[in-house]
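Colleague:
Protein chains: 2
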Amino acid sequence: MKFSIDRSKFVNQTNNVQRAISTKTTIPILTGMKLDLSENGLTITGSNSDISITSFISKDDTDNDLRIESTGSIVLPARFFNEIIKKLPGDNFDLEVLNNNQTLISSGVSEFTINGLDASNYPHLPEVETSNQLVFPTDLFKEVVNQTVIAVSNQESRPVLTGVNFLISNEGLTSVATDSHRLAQRRIDITSDEDYNLIIPGKSLTELVRTISDSVKEISMSISENQVLFSFDNVMFYSRLLDGRYPETDRLIPADSNTRITFDSTKLLGSVERASLLSHESRNNVIKLEIKTAEKKATLYGNSPEVGTVEEVLDFESLEGDDLEISFNPDYLKDALRSFGGNTNIEMSFTSPLHPFTLRPIENKDNFVQLITPVRTF
Amino acid sequence: MKFSIDRSKFVNQTNNVQRAISTKTTIPILTGMKLDLSENGLTITGSNSDISITSFISKDDTDNDLRIESTGSIVLPARFFNEIIKKLPGDNFDLEVLNNNQTLISSGVSEFTINGLDASNYPHLPEVETSNQLVFPTDLFKEVVNQTVIAVSNQESRPVLTGVNFLISNEGLTSVATDSHRLAQRRIDITSDEDYNLIIPGKSLTELVRTISDSVKEISMSISENQVLFSFDNVMFYSRLLDGRYPETDRLIPADSNTRITFDSTKLLGSVERASLLSHESRNNVIKLEIKTAEKKATLYGNSPEVGTVEEVLDFESLEGDDLEISFNPDYLKDALRSFGGNTNIEMSFTSPLHPFTLRPIENKDNFVQLITPVRTF
Chain G
0 MKFSIDRSKF VNQTNNVQRA ISTKTTIPIL TGMKLDLSEN GLTITGSNSD ISITSFISKD
60 DTDNDLRIES TGSIVLPARF FNEIIKKLPG DNFDLEVLNN NQTLISSGVS EFTINGLDAS
120 NYPHLPEVET SNQLVFPTDL FKEVVNQTVI AVSNQESRPV LTGVNFLISN EGLTSVATDS
180 HRLAQRRIDI TSDEDYNLII PGKSLTELVR TISDSVKEIS MSISENQVLF SFDNVMFYSR
240 LLDGRYPETD RLIPADSNTR ITFDSTKLLG SVERASLLSH ESRNNVIKLE IKTAEKKATL
300 YGNSPEVGTV EEVLDFESLE GDDLEISFNP DYLKDALRSF GGNTNIEMSF TSPLHPFTLR
360 PIENKDNFVQ LITPVRTF
Chain C
0 MKFSIDRSKF VNQTNNVQRA ISTKTTIPIL TGMKLDLSEN GLTITGSNSD ISITSFISKD
60 DTDNDLRIES TGSIVLPARF FNEIIKKLPG DNFDLEVLNN NQTLISSGVS EFTINGLDAS
120 NYPHLPEVET SNQLVFPTDL FKEVVNQTVI AVSNQESRPV LTGVNFLISN EGLTSVATDS
180 HRLAQRRIDI TSDEDYNLII PGKSLTELVR TISDSVKEIS MSISENQVLF SFDNVMFYSR
240 LLDGRYPETD RLIPADSNTR ITFDSTKLLG SVERASLLSH ESRNNVIKLE IKTAEKKATL
300 YGNSPEVGTV EEVLDFESLE GDDLEISFNP DYLKDALRSF GGNTNIEMSF TSPLHPFTLR
360 PIENKDNFVQ LITPVRTF
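Protein chains in written order, with numbering that gives the first Met the number 0: chain G, 0 to 377; chain C, 0 to 377.
(1) In the DSSP assignment, the alpha helix (DSSP H) including G/P329 goes from what residue to what residue?
(2) Verify the CB distance criterion: does C/P76 have a CB-CB separation below 7 Å to chain G?
(3) Would you tell me roughly how many angstroms separate the C-alpha atoms of G/I399 and G/N120, rounded to the nearest one?
(4) Contact defined as beta carbons within less than 8 Å: I believe C/P373 pairs with C/F356. What is the distance between those atoms, to the nearest angstrom?
(5) Taking Cβ positions only, does C/R6 come closer than 7 Å to chain G?
(6) Who are the neighbours of G/K287 on chain C, taking C-beta pairs under 9 Å?
(7) What distance in whole Å lies between the Cβ atoms of G/T161 and G/R78, which are believed to be in contact at a cut-off of 8 Å?
(8) Name, going along the chain, the residues of the region 258–273 of chain G whose beta-carbon falls closer than 8 Å to a beta-carbon of chain C.
(9) Count Cβ pairs between the region 332–339 of chain C and the region 303–319 of chain C that sit closer than 8 Å; are there 3 or more?
(10) Return the Cβ separation of C/S72 and C/D35 in integer angstroms, given the expectation that the two are a contact with Cβ distance under 8 Å.
(11) Rank C/E362, C/Q146, C/V175 by C-alpha distance to the C-alpha of C/T248 and give the top, closest one.
(12) When the cut-off is 7 Å and only beta carbons count, does C/T308 lie next to chain G?
(13) Listing by chain order, which chain G residues have their CB less than 9 Å from the CB of C/F79?
(14) Find the nearest neighbour of C/E110 within the set G/G341, G/E311, G/D365, G/Q369, judged by alpha-carbon distance.
(15) Please return the same chain residues whose Cβ sits closer than 7 Å to the Cβ of G/R66, not counting the five positions on each side in sequence.
(16) Give the residues from the region 106–118 of chain C that approach chain G closer than 8 Å (Cβ to any Cβ), ordered along the chain.
(17) For C/R181, name the three-state secondary structure that DSSP assigns.
(18) Using 7 Å as the threshold, is the C-beta distance between G/R185 and G/F367 below it?
(19) Tell me, please, whether the CB atom of G/E68 is closer than 7 Å to any CB atom in chain C?
(20) Please report the distance separating the alpha-carbon of G/G269 from that of G/D263.
(21) Which of the three DSSP states is assigned to C/A297 in this structure?
(22) Can you check whether the CB of C/A19 is closer than 7 Å to the CB of C/I380?
(23) Kindly indicate which three-state DSSP category G/V134 falls into: helix, strand or coil?
(24) According to the Cβ coordinates, are G/I198 and G/L240 closer than 7 Å?
(25) What is the rounded straight-line gap between the Cα of C/L133 and the Cα of C/R209?
(26) If you draw a straight line from the C-alpha of C/D194 to the C-alpha of C/E128, how long is it?
(27) Using the C-alpha atoms, what's the distance from G/A183 back to G/S152?
(28) Output the distance between the C-alpha atoms of G/D5 and C/V74, rounded to the nearest integer angstrom.
(29) Alpha carbon to alpha carbon, what distance is there between C/I26 and G/T137?
(30) Grab the span of the alpha helix (DSSP H) containing C/V306 for me, first residue to last.
(31) Could you check whether the Cβ of C/I290 sits closer than 7 Å to any Cβ belonging to chain G?
(32) Let me see if you follow: with CB-CB separation under 7 Å, is C/E311 close to chain G or not?
(33) So with CB distances below 7 Å, who are the chain C contacts of G/D314?
(34) Compare the Cα-Cα distances from C/T261 to each of C/K86, C/N47, C/A297, C/N15 and report the closest residue.
(35) Can you check whether the C-beta of G/E206 is within less than 7 Å of a C-beta belonging to chain C?
(36) Is G/M32 near G/G45, with beta carbons less than 7 Å apart?
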């Protein structure tokens, strides 16, 4: 295996693949990055137990300046290889595999000889049938992920809750996540010949959206029994799926409400951030919302026995229904508010101090809801 | 005590003072920030056992929009106070001390009530006679500090070595630091009626240069028995001095040399960074420099038994003297090279593989030297 290539173009691709590579893996060869050089181009692969990413650098794209002398494969220690390539002096570099996987990397005045590993020992990528693909506009897909993934659980006690549930049918895609304290649900219209009910690990989705560069217009999704494949540009992103049945969540979302108040998401976020400054310190991180409809007044209260108290008179758009005093974890509300994007009109709906309350964008009430369970403080 | 003030102007000053405040202090009141309001303006103070910083906000400067209703003093929990002020909604804020040190902070829709502490319990600042001041151009002073402080020791075993030795006489200022593996010495011309020999803690100097904003043209230095005071703009920066005698360092710097090679500092830094990529991994972080004058060749070698080897053919300006093979810690060389600034012509001078070698800027050989002790590898 021997080739030379444009250094910056190469680094762009290794940066993608690097996301899948963990230094903490128990399988030594997975700390490495796999290079496969064929007549058509170079395929770079990184993987861990959950996700695998491949990136293809085509010989036909002259920007890559890929010159192939001989094809072949090698696995190189990912962290070093990346650092080395980033720091090399030249615009291009040469890579050649010598005897017993020793690999010579040279550029300008620099010459590295790195101990590689036999590529034939590298695990095979999962097989995913790509005949039946779903296609999403990138922005919309990122929105769906970012708006739901905030609610996934970090506890491994109930593995399915560490993932986002994708329900796909001809009605569209409904994506749901909950850690049993809060819930996020987003619906979008898509057409699919088949129905799917899959649970994608939250970590995989977070890495995925980070990997998708802004230049990407469309992303394709292919689903197999226990794997999902997202492909865009020259990148293939594989994630394992979570086993098990995702809980029925529809019944958790209250149908009616007794108090409704609408806010500008950015204004409310500012108030919550201030109100939570002190509560963050105290043992139980809780703030209180007090609504007095007659007086047209809504106030947030936060406090820390050690430091002091804070009072925020809220600046709302409209208010109707019963008076209310309700306490909750401000971090959940912050996450929820950020998920709407800046300066969005949102409606908060409450039934009682002990029942979950919801946030919905006025413009898109039926398709997007954030739900938060209050905290009993008495 | 009651006043209102421009929020951003106030935050600029608390950011300075905050540098002196540690959350890890054993003296609870020092986790606080002291506010003293007089008829003329507001003085903010922060302190730890080593340094104290005060910043004065004048009533006469209308930009500060400081409106004084009643004078007084209070100590507020620094970390919270800072966060609160930063996040307040309005351009201005009001602060009022109520009964038993409760302090009301209000701005727009927000109202905080914070538990303050009695300012009379706050330690007094050191007394430093300011009649006899030394004045430095800020850039030059920062240069002197940054070029020497890199060599201070982190080990408390020999406390004096954790400081920078300032030797001041009518000949000028010589500042020296060494951790006994490397040494940095810088000389500048100043005129002083008195001679001083003081040791300023490296940490204090690092914080000091961070505190000096680019707009500051001059900085004044006043020295007392066990304290030094740096004043600039509206800021006073106090540091304790280290007790003890600083070692004689002149004799450590070799007078003559057997091999001399000159480099562009930036080019050499690039090569050292690459050569040290692998050695950083191996147990002993060492790289080897090989000089062959006859062949006009200088090469850096780095290696890690696990990962591999690297070879850097150096691009030098001139080379003369004996052949040489010498090994050293690349981190010391990197720090030294950075201290010269970019694209500076420097001369490296060697006597033998076991003797310290020096780096000097061609333009200023007599006034600035970095010295590095090699590592015996055989």
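Here a beta-carbon is modelled for each residue, glycine too, at the ideal position from N, C-alpha and C.
Modeller: Walking through what the data contain:
(1) Here residue 329 of chain G is taken as the residue at index 330 of the first sequence, counted from 1. Per DSSP, G/P329 belongs to the alpha helix (DSSP H) from 329–338.
(2) For the purposes of this step, residue 76 of chain C is taken as residue 77 along the second sequence, with counting starting at 1. For C/P76, the answer is yes, since a Cβ of chain G falls inside 7 Å of its Cβ.
(3) Lying before the first or after the last residue shown, residue 399 of chain G is absent from chain G, which here runs from 0 to 377.
(4) Position 374 of the second sequence, counted from the start, is the residue given in the question as residue 373 of chain C. Position 357 of the second sequence, counted from the start, is the residue given in the question as residue 356 of chain C. Going by Cβ atoms, the distance from C/P373 to C/F356 rounds to 7 Å, so yes, they are a contact pair.
(5) Position 7 of the second sequence holds residue 6 of chain C. Not closer than 7 Å to any Cβ of chain G, the Cβ of C/R6 fails to qualify, so no.
(6) Position 288 of the first sequence, counting from 1, holds the residue named residue 287 of chain G. Residues of chain C passing the Cβ test: none, with the nearest at roughly 15 Å.
(7) Working through the first sequence from its first residue, we reach residue 78 of chain G at position 79. Working through the first sequence from its first residue, we reach residue 161 of chain G at position 162. G/R78 to G/T161, Cβ: 26 Å. No contact.
(8) G269, S270, E272, R273
(9) no
(10) Position 73 of the second sequence holds residue 72 of chain C. Position 36 of the second sequence holds residue 35 of chain C. 5 Å between Cβ atoms; contact.
(11) In the second sequence, the residue the question calls residue 248 of chain C occupies position 249. Selected option, being the one with the closest Cα: C/V175.
(12) Along the second sequence, one-based indexing puts residue 308 of chain C at 309. It does; some Cβ of chain G falls within 7 Å.
(13) Working through the second sequence from its first residue, we reach residue 79 of chain C at position 80. Residues of chain G passing the Cβ test: L276, L277, E280, S303, V306, G307.
(14) Working through the second sequence from its first residue, we reach residue 110 of chain C at position 111. Answer by Cα proximity: G/E311.
(15) The residue you call residue 66 of chain G lines up with position 67 of the first sequence. Taken in chain order, the residues that qualify are F2, S3.
(16) V108, S109, E110, F111, T112, I113, N114
(17) Position 182 of the second sequence, counted from the first residue, corresponds to residue 181 of chain C. Of the three classes helix, strand and coil, the one that applies to C/R181 here is strand, per DSSP.
(18) As a first step, residue 185 of chain G must be located in the first sequence, where it is residue number 186. As a first step, residue 367 of chain G must be located in the first sequence, where it is residue number 368. Yes.
(19) Numbered from 1 along the first sequence, position 69 holds the residue referred to as residue 68 of chain G. Chain C, which has no Cβ nearer than 7 Å to the Cβ of G/E68, makes this no.
(20) Mapped onto the first sequence, residue 269 of chain G falls at position 270. Mapped onto the first sequence, residue 263 of chain G falls at position 264. For G/G269 and G/D263, the distance between alpha carbons rounds to 10 Å.
(21) Locating residue 297 of chain C in the second sequence gives position 298, where the first residue counts as 1. Three-state result, C/A297: strand.
(22) As displayed, chain C neither begins before 0 nor continues past 377, which places residue 380 of chain C out of reach and without an answer.
(23) For the purposes of this step, residue 134 of chain G is taken as the residue at position 135 of the first sequence. The answer is strand: DSSP assigns G/V134 an E or B state.
(24) The residue given as residue 198 of chain G occupies position 199 in the first sequence. The residue given as residue 240 of chain G occupies position 241 in the first sequence. A contact, by the Cβ cut-off of 7 Å.
(25) What you label residue 133 of chain C is simply residue 134 of the second sequence in a count that begins at 1. What you label residue 209 of chain C is simply residue 210 of the second sequence in a count that begins at 1. So the two alpha carbons sit approximately 20 Å from each other.
(26) Here residue 194 of chain C is taken as the residue at index 195 of the second sequence, counted from 1. Here residue 128 of chain C is taken as the residue at index 129 of the second sequence, counted from 1. So the alpha carbons of these two residues sit roughly 16 Å apart.
(27) Counting from 1 along the first sequence, the entry for residue 152 of chain G is found at position 153. Counting from 1 along the first sequence, the entry for residue 183 of chain G is found at position 184. Using only the alpha carbons, I get a separation of about 12 Å.
(28) In the first sequence, the residue the question calls residue 5 of chain G occupies position 6. In the second sequence, the residue the question calls residue 74 of chain C occupies position 75. Using only the alpha carbons, I get a separation of about 59 Å.
(29) Translated into the one-based positions of the first sequence, residue 137 of chain G becomes position 138. Translated into the one-based positions of the second sequence, residue 26 of chain C becomes position 27. Cα to Cα, G/T137 sits roughly 54 Å from C/I26.
(30) By one-based count along the second sequence, residue 306 of chain C stands at place 307. Here C/V306 belongs to no alpha helix (DSSP H), and DSSP marks it neither H nor E.
(31) Here residue 290 of chain C refers to the residue found at position 291 of the second sequence. Not closer than 7 Å to any Cβ of chain G, the Cβ of C/I290 fails to qualify, so no.
(32) Numbered from its first residue, the second sequence carries residue 311 of chain C at position 312. Output row for C/E311: interface = yes.
(33) To locate residue 314 of chain G, count along the first sequence from 1; it is residue 315. Here the neighbours are V108.
(34) Position 262 of the second sequence, counted from the first residue, corresponds to residue 261 of chain C. When each option's Cα is compared against that of C/T261, the closest is C/A297.
(35) Within the first sequence, numbered from 1, the residue matching residue 206 of chain G stands at position 207. So no, G/E206 is outside the interface.
(36) Walking along the first sequence from the start, residue 32 of chain G turns up at place 33. Walking along the first sequence from the start, residue 45 of chain G turns up at place 46. Yes. Within cutoff.
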